[in-house]
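Residue numbers (our numbering), protein chains in the order written: chain X, 82 to 757; chain G, 82 to 757. Beta carbons: idealized from backbone N, C-alpha and C, even for Gly. Below is one structure, written out as structure tokens; the observations come after it.
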């Protein structure tokens with residue numbers, strides 16, 4: 082208990098300590114958000130000259146793509162980087178978006194924490210209302226120059242507006258100069274920002290070029306032109322004219338909500354009763370579910386939402402936990418889709434002539450803290466992809482490439498925690514980033530991507546999210562492994578073919594000569610030794626957007642065979658050539674096509690052939706061919722039709738020929754050895 | 082040029098697009114900083130239940146240590162974690178700091194971006210004015226409960242105050258309830274915060290225990306008590322009573338300043354002229370240097386600072402670049418120091434009985450963006466440290482352990498980019514985190530640590546900083562390597578001794594028996610074969626704070642020898658036992674001690690012995706013994722005195738005996754072989 086004595090055996094006199102508490106008090110003050118970010122520019126991603134150069138471009142391009150998509154416009158974005166001084170660059174980003182209303186321009190570009198997408202539960206690139214204003218601020222801090230912004234909105238108002246903008250860092254408010262209307266020649270609508278910034282232009286993995294290239298992979302509907310500081314022009318062409326579906330805004334989902342969230346929603350609600358509040362302010366709460374929650378929680382549904390107490394909130398949240406509520410709606414998200422991921426990857430990576438594009442995986446949506454999210458993954462393998470060192474990781478969040486902070490990212494963590502040795506990649510101790518000739522792509526789409534910082538460079542490791550990434554990767558890796566297995570088997574069978582068809586007759590002749598006997602006829606023996614139905618695909622490239630696919634089917638068994646072949650085709654690319662083929666059976670709505678090979682005699686072969694024409698023609702992997710109606714041990718070059726294919730396959734015919742042939746093989750080997 | 086035609090071949094009618102630009106405009110709005118962080122809690126580090134539990138404790142303990150040090154009080158901090166519900170914990174942190182003035186308590190704990198250390202150029206743990214308020218906010222969001230804060234300042238005002246605080250997230254202002262004065266029994270001064278938070282209590286590498294343990298390593302002057310949820314009490318004792326020197330506030334250093342910074346300082350300056358502004362508002366700008374800058378930049382030194390134009394600013398910055406200006410003062414920093422790092426590591430890690438504590442390295446200060454910083458590194462090797470998997474990395478910033486986001490941290494990057502194979506650790510391809518039985522410690526101290534996010538979990542990769550970390554690591558790794566080499570040599574010499582002293586006489590006897598000759602006397606031969614002066618240290622532990630060190634020096638050469646031995650001792654631990662030893666010569670101010678071994682005959686040995694008593698006694702590594710006055714090829718167990726030791730060593734005596742002996746050795750081997 083504090084006594085009345087003043088001195089308490091402390092080293093310094095008490096006056097001094099009091100002085101310190103009071104001295105500290107005088108220093109306490111508010112920090113403006115602009116000052117905070119000015120002093121912590123690394124948090125916004127402006128921590129090195131080379132990164133700063135990229136950050137600004139990234140923020141501007143993100144905004145352009147968001148605006149175009151919101152307006153349903155196929156994006157045309159042009160990026161220009163000019164060197165104007167020592168480590169000083171002038172950057173221009175121009176789009177064909179809907180434009181920005183004149184009076185909003187200053188706040189959009191000249192005020193931190195100001196934006197249109199922060200409160201919306203819907204996938205978008207920009208969500209924080211920080212990025213582009215931070216770019217304007219950082220340009221101004223490093224060069225003293227204002228940013229110049231121009232915008233033209235279409236229709237009623239055909240005059241463009243241009244203005245210079247800087248941010249007052251003390252007040253976080255825009256200062257506008259030279260605000261002028263002008264006629265924008267040749268432009269229908271769009272926005273253009275030009276700013277000068279201290280930066281360093283680099284090439285390689287973290288360059289502007291790489292960022293734009295990767296943007297093209299996950300935004301196949303966008304066209305991007307890039308003028309580099311040497312005046313070279315690069316065009317990333319649109320890979321498809323199909324706009325991604327526009328994400329819809331949703332209400333918050335009750336799952337994973339905190340007490341504070343619920344109390345806040347309740348106090349802000351315009352509903353008259355708790356019951357109506359639950360039904361109308363959340364997604365997936367129906368009349369029945371609201372009733373169930375209220376009954377379980379024993380909260381009076383007729384009371385006003387703002388009267389909900391902490392105890393009520395706990396009871397409601399507990400009730401929600403034990404109530405079955407539908408997963409959040411997913412039209413708020415815009416995943417790329419497995420086909421378009423593959424298309425995008427091919428479009429950009431085809432120079433590397435990869436051996437294999439593993440069928441990308443788009444997981445079904447989940448929610449974390451009430452925010453729906455979707456994970457997508459793809460793997461590209463082999464060809465000219467370097468096999469030196471670790472695999473390359475392409476990380477994306479809401480269709481934006483993430484080039485920095487790989488080590489901080491949940492995507493990297495999920496990759497590192499997987500045992501890739503089981504899927505055919507090298508990895509020390511089954512942990513860490515694997516090694517080998519592969520590129521791994523992961524895309525996280527969410528109404529609220531949990532970035533680790535305002536610089537939006539890495540996704541935070543929420544457990545639910547990381548586990549979904551792991552699942553997507555495993556599914557995709559399984560495709561890779563099955564491909565590698567297939568290739569391995571093919572190689573072995575090729576070797577067997579070689580032995581049987583070339584070396585065996587040779588050996589027979591030699592043995593016959595040696596023994597002075599006539600050379601025996603080996604035709605039947607070869608067929609019996611092989612004992613396979615062999616499916617061999619060939620792909621003919623008929624220009625950029627057309628392919629002719631041919632499957633040659635050999636019956637190297639001693640019996641007549643009847644069976645079916647199946648493939649999932651890019652439906653929009655098929656034509657009469659498919660339907661008119663005599664072996665063609667049917668194709669369903671998903672593009673799953675079926676053929677029947679009837680009564681093919683031993684040692685005979687047939688051909689199945691068709692054309693694919695259109696944008697997606699090259700995404701079809703001819704190795705993805707399936708069969709039904711045969712014992713899997715006797716088929717080479719095709720996989721057994723999976724159970725979930727969704728059509729009724731033929732029964733698998735049991736056979737005991739396999740054992741018999743193996744015995745004969747062993748005899749051959751024994752003879753062979755005796756001959757030496 | 083936009084024409085008068087309304088339809089421009091666009092898919093949607095123009096009215097719709099205009100509507101979009103205007104629709105977007107209506108959604109534009111300001112985002113409150115509290116709302117921003119509420120929705121982006123992962124940025125503050127609250128992204129999983131287990132991490133959230135730690136974050137709050139970390140922020141509170143950081144504040145306690147900062148406050149104690151500012152007041153010159155040896156910190157006593159007590160942390161209590163109690164489980165009060167399903168994933169719900171009540172956390173209490175109490176300190177003996179100077180206390181917080183009553184009227185400041187609400188803002189300190191209930192308002193984001195409010196603090197006393199943001200504008201100060203001086204090392205401190207908290208700098209952002211976010212952490213503890215974010216903890217209060219997050220506790221309230223997840224449990225609905227307010228935080229309870231109590232504080233007592235010493236002296237004039239002996240009544241303690243307690244109050245409940247929550248943050249209004251819409252306005253970022255504290256809401257205070259139950260504000261009451263009370264008598265704090267048994268307390269002289271200090272602050273106590275108690276809050277309830279959803280969390281998960283974990284053990285292991287990212288646990289509260291680990292955080293407090295690592296805090297003890299880098300804050301050997303602090304005492305920390307921890308009560309875990311099971312009621313167990315852990316005490317991290319103070320390892321030293323010496324307070325670290327209090328960092329002093331400095332003015333900004335002109336180096337690395339941006340144009341925007343200069344313009345801002347100028348417009349805020351209270352100085353009358355540019356000349357006075359340069360001299361008085363910056364550190365290290367003297368009269369002469371101000372003149373030089375003004376001459377080079379051709380800016381009029383008499384004009385008012387607020388009249389500086391963008392062109393003036395560019396000219397001044399260019400002039401600063403070509404002017405030699407002293408490095409920033411470093412009394413704004415408080416590095417731990419190599420001795421205390423070692424002491425701290427030993428204090429906490431001694432259970433692992435490491436084989437070697439590499440002498441820690443404290444680099445001299447550098448500056449980045451005008452912020453001075455110091456890098457320190459230490460390595461602990463061998464013993465019971467696990468050799469499975471990657472080495473353990475202990476990261477610290479301003480004496481705070483960083484437990485999360487290892488992959489995002491410049492410290493990890495610097496470690497990964499070093500080729501550790503050159504320093505005796507295993508590493509695939511000379512890149513990545515090395516493998517082996519080692520713990521690597523890095524401490525970055527700065528007036529402004531560039532964290533990658535507000536959660537302060539990783540240091541951003543500013544190039545200047547990363548390169549300094551690399552240098553500190555290399556220096557420290559060199560110590561490790563030299564130790565490993567020494568051990569390797571010792572092992573080899575031990576093996577040689579074994580052969581010569583045990584096997585050789587045995588062999589000679591065998592050979593003599595075989596040949597029927599008498600066994601030769603090998604004494605001289607052994608000495609001549611060895612041809613070394615052997616220094617063998619032994620350490621006797623006389624309790625926790627006392628050691629007796631003995632060096633036994635053997636002359637296994639064929640001549641009488643005179644030479645010196647040298648060691649750097651913890652000066653404050655030596656006593657009469659050192660000075661009274663007959664071979665002792667002298668010791669300088671740094672604790673560098675010298676002994677002389679005079680005319681030691683062949684095959685003889687002498688002993689040098691002394692005691693060390695006190696806190697730092699255990700930090701002396703007996704293997705760190707040096708010699709002078711001998712040819713290095715003939716010394717085992719001591720290193721040659723380095724040139725920078727600072728005392729005049731004796732001349733190195735050249736000898737040709739080595740060659741002769743080697744020949745004899747070869748002969749022996751040949752005989753040996755013939756005998757088989």
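Residues bridged to residue i (per DSSP)
| i | result |
| --- | --- |
| residue 229 (chain G) | G:245 and G:275 |
| residue 649 (chain X) | X:673 |
| residue 166 (chain G) | G:169 |
| residue 595 (chain G) | According to DSSP, residue 595 (chain G) bridges with nothing at all. |
Alpha carbon of residue i to alpha carbon of residue j, nearest angstrom
| i | j | result |
| --- | --- | --- |
| residue 732 (chain G) | residue 647 (chain G) | Unreliable placement is indicated for residue 732 (chain G), whose pLDDT of 35 sits below 50; no coordinate value is reported for it. |
| residue 142 (chain X) | residue 696 (chain X) | 25 Å |
| residue 458 (chain X) | residue 497 (chain X) | 15 Å |
| residue 75 (chain G) | residue 519 (chain G) | What the structure shows of chain G is the stretch from 82 to 757, and residue 75 (chain G) is not part of that stretch, so it cannot be assessed. |
| residue 386 (chain G) | residue 212 (chain G) | 36 Å |
| residue 463 (chain G) | residue 607 (chain G) | 34 Å |
| residue 598 (chain G) | residue 584 (chain G) | 19 Å |
| residue 377 (chain X) | residue 131 (chain G) | 29 Å |
| residue 240 (chain G) | residue 346 (chain G) | 42 Å |
| residue 761 (chain G) | residue 632 (chain G) | With chain G represented from 82 up to 757, any question about residue 761 (chain G) goes unanswered, as that position is not in the structure. |
| residue 704 (chain G) | residue 685 (chain G) | 22 Å |
| residue 137 (chain G) | residue 310 (chain X) | 47 Å |
| residue 432 (chain X) | residue 510 (chain X) | 33 Å |
| residue 729 (chain G) | residue 722 (chain G) | Low local confidence applies: a pLDDT of 40 at residue 729 (chain G) is under 50, so the model's placement there is unreliable, with the coordinate-based value given in what follows. Rounded to the nearest angstrom, the two C-alpha atoms are 10 Å apart. |
| residue 593 (chain X) | residue 603 (chain X) | 12 Å |
| residue 77 (chain G) | residue 217 (chain G) | Absent from the structure is residue 77 (chain G), since the part of chain G shown begins at 82 and ends at 757. |
| residue 279 (chain G) | residue 245 (chain X) | 47 Å |
| residue 148 (chain X) | residue 270 (chain G) | 57 Å |
| residue 478 (chain G) | residue 342 (chain X) | 33 Å |
Closer than 7 Å at the beta carbon, the chain G residues around residue i
| i | result |
| --- | --- |
| residue 182 (chain X) | 102, 103 and 106 |
| residue 114 (chain X) | 114 and 194 |
| residue 488 (chain X) | 488, 489 and 493 |
Interface residues of chain G facing residue i [CB-CB closer than 8 Å]
| i | result |
| --- | --- |
| residue 129 (chain X) | 542, 543 and 544 |
| residue 340 (chain X) | 222, 223, 224 and 225 |
Any non-hydrogen atom of the ligand PLP within 7 Å of residue i CB
| i | result |
| --- | --- |
| residue 570 (chain X) | Within the structure as shown, the ligand PLP is missing, as the structure has no ligands at all. |
Assigned exposure category for residue i - 16 Cβ within 10 Å defines buried
| i | result |
| --- | --- |
| residue 230 (chain G) | buried |
| residue 591 (chain X) | exposed |
| residue 484 (chain X) | buried |
| residue 428 (chain G) | buried |
| residue 656 (chain X) | exposed |
| residue 295 (chain X) | buried |
| residue 505 (chain G) | buried |
| residue 165 (chain G) | exposed |
| residue 644 (chain X) | buried |
| residue 711 (chain G) | buried |
Cβ separation of residue i and residue j, assumed to be a contact under 8 Å, to the nearest whole Å
| i | j | result |
| --- | --- | --- |
| residue 682 (chain X) | residue 636 (chain X) | 7 Å |
| residue 706 (chain G) | residue 600 (chain G) | Going by Cβ atoms, the distance from residue 706 (chain G) to residue 600 (chain G) rounds to 37 Å, so no, they are not a contact pair. |
| residue 152 (chain X) | residue 101 (chain G) | 4 Å |
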